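Colleague:
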Amino acid sequence: MLTYLVRRLLLMIPTLLGITILVFTVMALSPGGISAQTLIGGMDMKPQEKQALLNYYNKRYGLDQPAPLQYLHWLNNVSPIGFVTDEQGKRDGFSFSKGMDLGTSFQYGRPVSDILAERIPITLLLNLVTIPFTYLIAIVVGMKSATHRGGSFDVGMGMSMLALWSIPTMLAGVLLLGFFADVQHFQWFPTAGISSREAQDMPFLPHWEETGFVRGFLLDRLWHLVLPVICLSYGSFAALAKLTRTSILENLHSDYARTARAKGLAEKEVLWRHVFRNSLLPLITISAGLLPSLLAGSLIVENIFSINGMGQLAVEAVKGRDRELVLSITWVSGFLTLIGYLIADFCYTLADPRVSYD
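Following this note's numbering, the numbering of the sequence shown begins with 21 at its first residue and continues without gaps.
This is the structure we're talking about:
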């Protein structure tokens, strides 16, 4: 197992390199490319000030160099080992412990690591709430549909899941805001953000005070997450519910299930001890690709609900041609995706003891 883990971690390095090279190439081949001129274009500055800023960007980030050298310069900065450079971009020797430097954002004028430290927890929170919610609904609906095959519940949920899966995320987000957060309709939920300003000063748990009920920070955060989580999860649990139903039906009529019934086991015991565990394997396979799809869906959901997460940050970075920020977001998203695939591989061993990586 340890050998397999080390091998997979080492394989992440060329994979991440390929992802960042592809994104950098697209940016370099886009109109205007990656240059200091595109960053200061449109600024109302004096010629001397504009030239000074142009020279600073060129020295600091090597934007006047060819695209391959720019990428190598960025790669040297983010690598924990490599050449040490000063603020003017001059090499100051080779080091095996120089640490990672994600650079400074052109657009925000702040270290990229500080910006990511603020935004990554928000996107991870959305996804960590969405994934269990998605699988819980998918397994419950799929299990009941399979055990009541052809019944009214099975037919009704089949049609409902197909309809949900067909609705675009952008349309669903706009409709949820329009009906459940607008003053002209229900206004049950907030329109933006993941917490209110007042909640920052509240205790963590809800409680009663002399003035009345205080919802607390936790309840306020959950209240803000309802619509974004629904918008992120409905398409995924619709597809997973159909997959769960198909997988359980296939295993219910398998030889080992009939053998278990012949031994006198109750139908519930056959379903939960034998059929359900083997039916998890396709769901684990899908879960490996669920995290990347949720990260991609966050781009839309975070912009619709004005959530300052990785999705909204990626859109702003691409619009501003912020090379350091775009490449860092690509690197982090790719790393999280590969970790998701690695976790899915280990979940196989939990669901099926026959799977071994020794």
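We put the CB at the ideal spot given by N, CA and C, even for glycine.
From a predicted model like this one, the values you see are computed outputs, not experimental measurements.
(1) Please classify S117: does DSSP put it in a helix, a strand, or coil?
(2) Does DSSP classify F103 as helix, strand or coil?
(3) In whole angstroms, what is the alpha-carbon distance linking D174 and Q204?
(4) Kindly list the residues whose CB is nearer than 6 Å to the CB of A364, restricted to its own chain and excluding five residues on each side of it in sequence; keep chain order.
(5) In the structure shown, what three-state DSSP assignment does T124 receive?
(6) Determine, using beta-carbon pairs with one atom in the stretch 131-151 and one in the stretch 236-253, whether at least three such pairs fall under 8 Å.
(7) If we count the other Cβ atoms within 10 Å of its Cβ and call it buried at 16 or more, is N97 buried or exposed?
(8) Going straight from the alpha carbon of A183 to that of G255, what length do you get?
(9) Could you check which residue in L122, I101, G123, T124 has the C-alpha nearest to that of G113?
(10) Find out if the Cβ-Cβ distance for the pair V238, L225 is shorter than 7 Å.
(11) When you compare the stretch 256-264 with the stretch 176-192, are there three or more beta-carbon pairs, one atom per stretch, that lie closer than 8 Å?
(12) Using 8 Å as the Cβ pair cut-off and three pairs as the minimum, do the stretch 153-166 and the stretch 263-279 touch?
(13) Return helix, strand or coil for W208, following the three-state DSSP convention.
(14) Bridge partners of P131, per DSSP?
(15) Beta-carbon separation of W94 and L347 under 7 Å?
(16) Does Q280 pass the burial test, meaning 16 or more other C-beta atoms within 10 Å, or should it be called exposed?
(17) Check this for me: beta carbons of T369 and L252, under 7 Å apart or not?
(18) Does R341 pass the burial test, meaning 16 or more other C-beta atoms within 10 Å, or should it be called exposed?
(19) Tell me which residue opens and which closes the alpha helix (DSSP H) that K339 is part of.
(20) Once you ignore the five residues that flank T189 on each side, which residues in its own chain have a CB closer than 7 Å to its CB?
(21) Alpha carbons only, please: which of P141, T23, S125 is nearest the one belonging to N328?
(22) Would I54 count as contacting chain D if we go by Cβ distances under 7 Å?
(23) Which of the three DSSP states, helix, strand or coil, is assigned to S379?
Modeller: Taking the definition as stated:
(1) coil
(2) strand
(3) 36 Å
(4) I304, S307, A308
(5) strand
(6) yes
(7) buried
(8) 9 Å
(9) I101
(10) Note that residue 238 is Leu in the sequence shown, not Val. Yes, these two residues count as a Cβ contact at 7 Å.
(11) yes
(12) yes
(13) coil
(14) T124
(15) yes
(16) It is worth fixing the name first, because residue 280 is Ala in this sequence and not Gln. The residue is buried, with at least 16 neighbouring Cβ atoms inside 10 Å.
(17) no
(18) buried
(19) 330-339
(20) C251, G255, G317, I320, V321
(21) P141
(22) Of the chains in the structure shown, none is chain D; there is only one protein chain.
(23) Look at the range of the chain in this structure, 21 to 378, and you will see that residue 379 is not part of it.
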